[in-house]
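Everything below concerns the one structure shown next.
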Amino acid sequence: MLQYGKLERIEQNSTVVGAKRICAELRYLCKLSESRDGKLDGDINAAIDLLSGALDKTGVITDRDAAAAEKSLLHLSPEVKKLTVIYAAHAHIDMNWMWGYDETVSITLSTFETMLNLLDEYPDFHFSQSQASVYRIAEKYRPDMLERIKKHIQSGRWEVTASEWVEPDKNMIGGESQVRHILYTKKYLSKLLGVKEESLDLCFLPDTFGHNANEAELLADGGVKYFYFCRGYKGKEVFKYTAPSGKSVVAYWEPLWYNGDVNERDLLYFPDIAKRNGLDTVLRVYGVGDHGGGATRRDIERIIEFGTYPLFPTVKFGTFRDLFKILDNERMPTVQRELNSIFTGCYTSQSCIKAGNKRGEILFRNTEAAEAVASAFTEYAPKTNEMFLSWENVLFNHFHDILPGSCVQDSRRYAMGIYQESFSRAGTVLSGALRAITDKIDYSEYIETGAKATVSEGAGVGFQTRAGLIVNNCPARGDTRVFTVFNGTEYPRDAVVDLDIWDYDRDVNRLAVTDGEGKPLEYVVPAQPPA
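Once you know that position 168 of the sequence shown is 168 in the numbering used here, the rest is easy, because the numbers rise by one and skip nothing.
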């Protein structure tokens with residue numbers, strides 16, 4: 001049995017550097033021995049007795065005492081070094097969580113500046129960064145940074161862990177939105193950073209509040225192989241996250257938290273993690289986060305120092321993919337269910353953001369459907385870039401502290417503002433596509449050329465914009481007014497259509513409404529307020 005009582009007494013009287021080092025090594029050896037059914041207990045207890053005897057003699061543990069105890073255990077070093085710990089640095093940057101977008105920009109650029117300087121200074125240091133949105137910030141506001149980032153990407157020391165525009169909520173957004181995150185991120189970052197689309201194969205979602213059961217299928221179909229996350233699950237750290245369809249990704253659940261520093265305590269968990277998952281390599285994620293930051297100089301120096309301890313595991317700077325590439329060929333259990341739930345109360349707040357998201361998802365679907373029809377049957381050219389820019393803002397608002405509702409007023413205001421920008425872009429594209437289609441319709445029999453004393457062609461301009469799928473492409477004058485109404489779904493549909501008819505001074509009691517074949521339609525004229 002390990003002599004923990006004696007070890008605690010030694011730790012309490014260890015003030016010099018060497019004494020603290022041997023105590024940390026002994027703590028690690030104890031955990032390693034426990035994971036191996038006490039295999040190392042005898043050697044560990046002998047070293048503890050050596051230090052305890054020195055303490056009884058002088059009342060302190062000197063560097064000489066520590067060195068002697070460490071020397072007595074050096075024969076264990078080859079066994080200890082069989083376990084490798086990869087230290088992967090990252091900076092968790094929350095998009096507009098407790099602050100406005102101007103602060104998000106500042107956080108991002110300051111983080112990048114610091115990490116680039118540390119990469120230049122420490123040749124072994126590696127850094128990983130997720131979210132296409134932060135690279136977009138660098139492109140907009142500090143394009144000079146991109147060349148430095150690309151240099152470290154090419155050397156393998158800056159790892160791009162972004163396969164989605166932000167780290168999004170995965171419960172409320174639609175399947176099409178999840179696909180767009182992957183599609184646009186891969187296309188954008190491959191062009192911006194000079195990387196291959198297929199290399200963006202890691203989904204990095206440490207803070208997302210839960211994961212739907214079909215997420216693995218959408219990731220796999222998008223060419224994503226690896227999934228790193230933290231919330232909504234407890235179990236074995238390594239598994240195949242599998243959708244109902246059977247499609248899967250290799251998953252790693254973070255057991256120690258994704259924001260943290262480098263310290264001796266965390267090493268104590270790794271023998272059990274390695275044993276539980278049948279691994280000889282484990283991952284330690286570190287870096288100041290939420291408000292950005294990344295690795296600190298102290299973290300880097302500690303990793304370098306740990307590498308000199310003969311009775312610590314092998315430690316090295318690395319990336320998330322360094323571990324995942326090992327896991328890819330391992331036999332692992334399967335998890336086939338949604339990974340929920342936490343923070344459910346968030347989903348009841350900020351309803352305006354949620355309504356904006358749903359309106360955007362529906363509008364973009366209708367717009368792209370209309371573009372597809374228009375390009376197939378007319379000379380219309382799809383506005384691909386305009387739709388990318390429209391989607392970009394909606395994807396940004398999918399961030400896990402924006403869409404669920406765990407954000408502040410500044411964040412909400414920004415979200416609603418960029419929704420309006422996106423809806424303006426997409427609405428313009430939709431109008432153009434629909435007009436390209438209606439331009440092919442012969443309205444000549446309905447045009448009353450003599451009716452010119454009208455204000456309808458100016459007064460009502462743009463009034464049907466929010467309706468989306470209604471076009472008045474026939475001159476709005478005279479007794480007859482023509483509207484073309486589109487069904488934005490793939491199914492036959494009955495629905496009420498609300499039409500605003502301007503400058504119509506005829507007797508509404510004699511009004512007739514028909515479809516394109518002249519068949520009468522039911523209608524209601526709302527009561528008009530008194531003048």
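Cβ atoms here follow ideal geometry from the backbone N, Cα and C, with glycine treated the same way. Quick caveat: nothing in here was measured; it's all calculated off a predicted structure.
With contacts defined as CB atoms closer than 8 Å, Lys81 and Thr281 fail to qualify as a contacting pair. DSSP places Gly427 in the helix class (H, G or I) of the three-state scheme. Linking Ile447 to Glu147 through their CA atoms gives a straight-line distance of about 60 Å.
Under DSSP, Gln350 shares a beta bridge with no residue. Residues Ile300 of the same chain have their beta carbon placed closer than 6 Å to that of Tyr122, with the five preceding and five following residues left out of the count. Excluding residues up to 5 positions away in sequence, Met98 lie with their Cβ nearer than 6 Å to the Cβ of Val408 in the same chain.
Three or more beta-carbon pairs separated by less than 8 Å are not found between the segment 288-308 and the segment 48-65, which leaves the two stretches without contact. Given a length threshold of 4 residues, each whole run of the alpha helix (DSSP H) inside the segment 55-90 is given here in chain order: 63-72, 77-80. Only buried fits Arg412, as 16 or more other CB atoms lie within 10 angstroms of its CB.
The alpha-carbon of Lys247 is positioned some 5 Å away from that of Glu217.
When DSSP states are grouped into helix, strand and coil, Ser406 belongs to the coil group.
When the beta-carbon positions are compared, Ile137 and Val195 stay at least 8 Å from each other. Minimum Cα-Cα distance from Gly345 among the listed residues Gly289, Gly293, Ser406, Glu379 corresponds to Ser406. If one requires a minimum length of 4 residues, the alpha helix (DSSP H) runs lying completely within the segment 306-331 are 320-327, in chain order. Taking 8 Å as the cut-off, the beta carbon of Ala162 is found no closer than this to the beta carbon of Leu119. Ranked by Cα distance from Arg506, the options Arg493, Gly478, Tyr491 are led by Gly478. Leaving aside the five residues that flank Lys240 on each side, the residues in its chain whose CB is nearer than 6 Å to its CB run, in chain order, Ser248, Met332, Thr334. Counting only the Cα atoms, Arg231 lies some 55 Å from Gly516. For Pro271, the secondary structure class from DSSP, reduced to helix, strand or coil, is helix. In terms of Cα proximity to Ala220, the closest of Val250, Asn357, Tyr309, Glu237 is Val250. In the structure shown, Glu159 falls within a strand segment according to DSSP collapsed to helix, strand and coil. For the pair Leu202 and Val224, the CB atoms are nearer than the 8 Å cut-off. Shown here, His181 sits in a helix according to DSSP, grouped into three states. Two segments are said to touch when three or more pairs of C-beta atoms, one from each, lie closer than 8 Å; by this definition the segment 21-28 touches the segment 256-271. By the 16-neighbour rule on beta-carbons within 10 angstroms, Gln129 is buried. Restricting attention to Met115, Ile107, Glu8, Leu74, the CA atom closest to the CA of Tyr141 is found in Ile107.
For Trp253, the three-state secondary structure derived from DSSP is strand. Less than 8 Å divides the Cβ of Val160 from the Cβ of Leu200. Boundaries around Leu109 are those of the alpha helix (DSSP H), 101-121, since no beta strand (DSSP E) includes it. Taking a C-beta distance under 8 Å as the contact criterion, Leu363 and Gly292 do not qualify as a contact pair.
In the assembly as shown, Trp158 is a buried residue. Its beta-carbon has 16 or more other beta-carbons within 10 Å.
Per DSSP, Phe127 is one residue of the beta strand (DSSP E) stretching across 127-129.
Taking 8 Å as the cut-off, the beta carbon of Glu215 is found no closer than this to the beta carbon of Lys275. For Cys23, the enclosing alpha helix (DSSP H) has its first and last residue at 17-35. For the segment 419-507, the continuous alpha helix (DSSP H) assignments of 4+ residues that do not extend past its boundaries occur at 456-459, in sequence order.
DSSP, reduced to helix, strand and coil, places Tyr380 outside both helices and strands of the structure shown, so it counts as coil.
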